[in-house]
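Taken in order, these protein sequences are the chains called G and R. Numbered per my numbering, the first sequence spans residues 28 to 312. Numbered per my numbering, the second sequence spans residues 59 to 840.
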Amino acid sequence: MIPFDYHAPKTLQKAMRLVREHGDDASVLAGGHSLIPLMKLRFAAPAVVIDLGGIGGLKKVTAGHETITIGALATHYAVESHRLLPGKCRLLPETASEIGDVQVRNRGTVGGSIAHADPAADWPAAMLALNAQFDIAGPSGERAVAASDFFVGLFTTALQAGEVLTRIRIATPPENSGGAYVKMRQSASGFALAGVAAQVALDSAGNCASVAVGVTGVASVAYRAHAVEDALRGRGLDAIAEAAAHAADGVEEFQEDHHASADYRAHLARVFAQRALTRAFERAT
Amino acid sequence: MPVSKTVGARIKRREDPRLIQGLAHYVDDIKLPNTLHVAILRSPYSHARIGAIDTDAAQNLPGVKAVVTGSDIKDTIGGIPCAATDPEGFPGIKVPHHPVLAIDKARFVGEPIAAVAATSAYIARDALDLIEVDYDPLDAVNSADAAFADGAPVLHEDWDDNMAFTWQIAGGDIDAAFAEADHIVSQRIEHQRLVPNPMETRGVLAEYMRGKDQLTIWSSTQIPHLLRTQLSIMLDMAENHVRVIAPEVGGGFGCKLNVYAEEALLGHMAKTLGQPVKWIEGRRENFLHTIHGRDQTGVVELAVKNDGAILGLKYAVTADVGAYYQLLTPAIPTLTGLMLCGSYTFQNVQMDLKAAFTNKMATDAYRGAGRPEATYLIERMIDIAAHDLGLDPLDVRRKNFIGTDAFPHETGTALAYDSGDYTAALDRAVEMADYDALRWQQAELRDQGRYLGIGFSTYVEICGMGPSAAMPAGGWESSTVRVDPTGKVTVLTGVSPHGQGQETTFAQLVADGLGVGLADIRIIHGDTDAVQYGIGTFGSRATAVGGTAMVHAMGKIKDKVIKIAAHLMESNPQDIVLEDDKYCVQGAPESGLTLAEIAQVAHVGVGLPPETEPGLAESHFFEPPNFTYPFGTHIAVVEVDADTGEVELQRYIAVDDCGNIINPLIVEGQVHGGIAQGVGQALYEEAIYDESGQMLTGSFMDYALPKAHNFPRFELGNTVTPSPVNPMGVKGVGEAGTIGSTPAIANAVIDALKPFGVRHIDLPLRPEKLWKLMQERNDDSL
Ligand SMILES: Cc1cc2nc3c(=O)[nH]c(=O)nc-3n(C[C@H](O)[C@H](O)[C@H](O)COP(=O)(O)OP(=O)(O)OC[C@H]3O[C@@H](n4cnc5c(N)ncnc54)[C@H](O)[C@@H]3O)c2cc1C
């Protein structure tokens, strides 16, 4: 066994002190559903593991009039089963419900998934579509990073050494808005071969007042499909098909493996953009 | 079979409470003091020369007790056996030495190179990283085609090519059949490589008691006795000093019907180290170094008349058998040859097989073992023929079915099908599916650009393996039935159940046969010191062969019990009957005796009839006169998403005929699991090796097993055509679901894509494959 020290701080302050003390030698542990497999395969070998699971304050999910907050340590299931979220922001519980299976959702955390930035993870698509803000604690205090600046590349985020993601903040969508997440599962892992999250707000005429579309599984990093959004803004339901055709525009590096080719992934992005937008429109009216 | 008392009833499995409460004892649950843990260094290369192996650093790691390499053991442990290399069956077969640890060449990724024994599993694993092996990588052979290509690297350099063996079967007059045909329907068909994936991986615990020269091996195996024999040979020990125990075994599907390197290696290490040693296979190791299934690619030609009558079938096929043989490797594709005629009357048949050595794990028996390939190809060819001739695939099947009055039916491959009523099963399934309504619905949906498909599979398969003359290593089975002085009954069976439920079904047979309660019966299996020699569980044989041995042994007990009862009641044995669990003079149950009362007399030894041995235990070794041939009709209804190619399995109807049914609940369970595995092959599963011989699908993140949410509720039915081969009239049901379902799904998906002119697609039917086909060819009807 590759030995490591294990700490289970009870407060964020203590956790941050440990993170500062151990620097690059340390990894923080959330649900462990990605970190532990990596350690078992000896791909990751942190000398110190700092378990955030005991910090109660990081697990809270709130759904207010203006803001929805998700503690970084909230499990997927906590989001899936939250009483108020279906009414306030359907996209969140819908995304959560598409992750893994019940055991995975009971163990894996939203923050862990976001910090890990697997190119096929589901949350990044939804976070992009909801313009989420990520609160980050670090050696030099706190900062907030927008989702669109956060996912940098394959398993790479804007998190710097010694930083911990503490909370996700989302502006509660206004009346007349709707969101949806549509995904095809990679048949073995259940991760997204392609997943599209769409969030729209409609004006009084039923046209698209604002729209954001996040795509995961398709490229080396989850991305906003700006071309789709631009083609749809100000237009109605009948413009969706045409707009969705742009869902893979501008992708530089596609994911490609024996499960699916780049072409097929791009195609799925288009099909699911259309389906997610259609459903989002229906939910907004 | 009439429900006398328990036989035929839906009795819950007696095994399940311990399994679902975590009270079962698998190999890893057995703890012996002072055990060393073994980790195995495996080749990272598919093909490489092995130079020096430096084990010093590993040896010096605190906690490490031993490091063993191929050269250390090459003179002390014999080669891994293969029981199917008879040159009469396989003229010119090449039989390479299969070392327990590779010696100068590694031939597949995962091949064992060295083993470490240490005081903990962690230390053993750490030590692997300290072993330095000098590899000189060679080009890999990653398919049968590559193996046969000019200038291909040769795996076994004792020979100059990679042709492992050839095999042929022919029946009837194939040339005449093809000359007479209106059409020759031809198709290249692949049966992709699969990984069996039992829930419990393999594992071995070995203990050697020097004072008694006694080696005990606990192994997750389907064949404890055969394993004992082979280990005694490999380790050069007297067989009666080797004991093999198969404790609780968490599934096998054929992959534990084998003799593996680790079983011999741990036996050897226990002996030389003087401490117990344990190795529990990891899931990744299981993917790489537990046998694989299928992997045949061939061209099928079907000679047909315009009306759909089949005249003959030719199959020219290559099998990619991997780098070495395991226990039955060469025998598996021969089962495909035997079953090529399916449930149909045609007699003219020919199969030419070439088998290739490649840089992969060996193939061997995986649920169905050779029969799924046969059923898949004949059932596919029927649909292709129907497609080409413009006939309903159902009509083509009916037209060619072997008639109910034609049994026993001799096939063109010289099998004698025991009994069958193929039309009855088909009619029942068609009625359950409401076939005409389905076709109507299909037409409606097609008009809307939606693609519903209906697929049939009318399979017949070989079970109850089998007459010894037709088996590589014995096809009989054994049983001992013992009655204790208190009337408790113990059965010692030579079969080795690992999920099939014989602790329940065998007890049902005993309860009815001897007049005792289920709770008074114990079924013991899987311990070679406790149980007389037997063959094991595979090939859907445990009940048809092992159960029959038990019924015969029980019959001998019953004769003796009746003789004693008659003597005690001053009556004639012919007048004694078993009524309400009492042995009594017909019509006078109140004065009868229970089995316990008679057993007591038998053991006290006083009051026995003259010339009667005391005690109450009997054995029987049963040699089956034939195989049994279960059959059925499966119907799948699928919808293919035109935008994505995703397949939704909407309905699944299965009517199986496995002869008489001892426990419908268990039969349904076997069918459920079987269907799931067959659907896995049709839609999801594929073991992929890349160009360099690395396995791309070496974990559950990349190898897709079907999951519960992929299935609708199965609609099951039965017909019952008893087998004349055994007194119970049972056939076997362990593999039927798998054999029946793969073609049903494939036929349904391909039927859905008929508007695109699709007539065949190789498995697995991944969404992208289907989407691409729909892209390339438009639906002309729209
Ligand atoms: C069988 C299985 C199926 C799955 N299926 C899916 C699926 O369908 N879709 C999907 O999206 N995901 C899936 N997952 C992943 C799962 O959703 C996990 O939640 C996710 O991988 C990581 O979350 P975690 O809480 O387990 O993080 P951990 O494994 O604990 O950590 C992951 C990484 O993030 C870092 N980290 C964790 N928390 C923080 C933080 N607050 N701040 C900074 N860094 C942090 C850790 O140091 C580590 O490097 C699956 C996982 C498994 C095991």
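Think of the CB as a built atom: it goes at the ideal place given N, C-alpha and C, for glycine as much as any other residue.
Item	Value
Excluding the five sequence neighbours on either side, which residues of its own chain have a C-beta within less than 6 Å of the C-beta of H249/R, listed in chain order?	R352, Q354, E431
Go to Q735/R, then tell me how far its alpha helix (DSSP H) extends in each direction, as first and last residue.	722–737
Taking any Cβ of chain G, which residues in the region 744–757 of chain R have a Cβ under 9 Å from it, in chain order?	E744, I746, D748, L754, T755, S757
Taking 8 Å as the limit between beta carbons, can you name the residues of its chain near A588/R, skipping five residues before and five after?	L550, I582
Can you name, in chain order, every residue of its own chain whose Cβ lies under 8 Å from the Cβ of S649/R, other than the five neighbours on each side?	M627, C642, V643
Measure from the C-beta of M28/G to each C-beta in chain R and report whether the shortest distance is under 8 Å.	yes
List the residues of chain R that L229/G touches, going by C-beta distances under 9 Å, in chain order.	Here the premise fails: no neighbours, minimum Cβ distance about 25 Å.
Should I581/R be listed as close to ligand 1, given that the test is whether its C-beta is under 7 Å from any heavy atom?	no
I'd like to know whether the C-beta atoms of M490/R and V713/R end up nearer to each other than 8 Å.	yes
Can the beta-carbon of D422/R be found less than 8 Å from the beta-carbon of T387/R?	yes
Quick check: the Cα distance between A148/G and L188/R, rounded to an integer number of angstroms?	35 Å
For A215/G and S61/G, what's the separation of their Cα atoms in angstroms?	16 Å
Between the alpha carbons of Y227/G and F308/G, how many angstroms are there, rounded?	The amino acid at residue 227/G is misidentified as Tyr; the sequence shows Val. The alpha-carbon atoms of V227/G and F308/G are separated by roughly 7 Å.
Going by the C-beta, is T136/G closer than 7 Å to any heavy atom of ligand 1?	yes
Name the DSSP bridge partner or partners of L550/R?	T538/R, I582/R
Quick check: what's the CA-CA separation for G50/G versus L68/G?	23 Å
Apart from the five residues on each side of it in sequence, which residues of its chain come closer than 7 Å, Cβ to Cβ, to Y480/R?	S401, F459, I460, T516, F689
Give the single residue among G597/R, H767/R, F680/R, V664/R whose Cα lies nearest to the Cα of G792/R.	G597/R
Roughly how many whole angstroms lie between the Cα atoms of I161/R and V153/R?	17 Å
Can you tell me where the beta strand (DSSP E) with L100/G in it begins and where it stops?	From DSSP, L100/G is part of no beta strand (DSSP E); its letter is neither H nor E.
I'd like to know if Y509/R contacts chain G, where contact means its C-beta is closer than 8 Å to some C-beta of that chain.	no
Comparing alpha-carbon positions, which option in H286/G, G261/G, P200/G lies nearest R310/G?	P200/G
Looking at the unbroken alpha helix (DSSP H) that takes in T305/G, where does it start and where does it end?	289–311
Mapping the DSSP letters down to three states, classify K789/R as helix, strand or coil.	coil
Would you mind telling me which residues of chain R sit closer than 7 Å to A287/G, beta carbon to beta carbon, in chain order?	E826
Is any beta-carbon of chain G found at less than 8 Å from that of G762/R?	It should be noted that the sequence gives Ala, not Gly, for residue 762/R. Answer yes: the Cβ-Cβ gap between A762/R and chain G drops below 8 Å somewhere.
Helix, strand or coil for R599/R? Go by DSSP, reduced to three states.	coil
Taking 8 Å as the CB-CB limit, is S140/G close to chain R?	no
Sorry if obvious, but does the Cβ on H34/G come closer than 7 Å to a heavy atom of ligand 2?	Absence of ligand 2 is noted for the structure shown, with ligand 1 being the only ligands found.
Out of A810/R, T392/R, H105/R, point me to the one whose CA is closest to G168/R's CA.	H105/R
Can you confirm whether the region 671–679 of chain R touches the region 782–790 of chain R when touching is taken to mean that 3 or more C-beta pairs between the two stretches lie within less than 8 Å?	no
For D149/G, verify whether its CB is less than 7 Å away from any heavy atom of ligand 1.	yes
On the CB-based measure, 16 or more other CB atoms within 10 Å of its CB, does M753/R come out buried or exposed?	buried
Can you list, in chain order, the residues of its chain whose CB lies under 7 Å from that of V65/R, leaving out five sequence neighbours each side?	M59, Q566, L567, D570, I720
Whose CA, out of V122/R, A141/R, P75/R, Y103/R, lies closest to the CA of V96/R?	V122/R
Hey, is the region 227–244 of chain R in contact with the region 68–81 of chain R, meaning 3+ C-beta pairs nearer than 8 Å?	no
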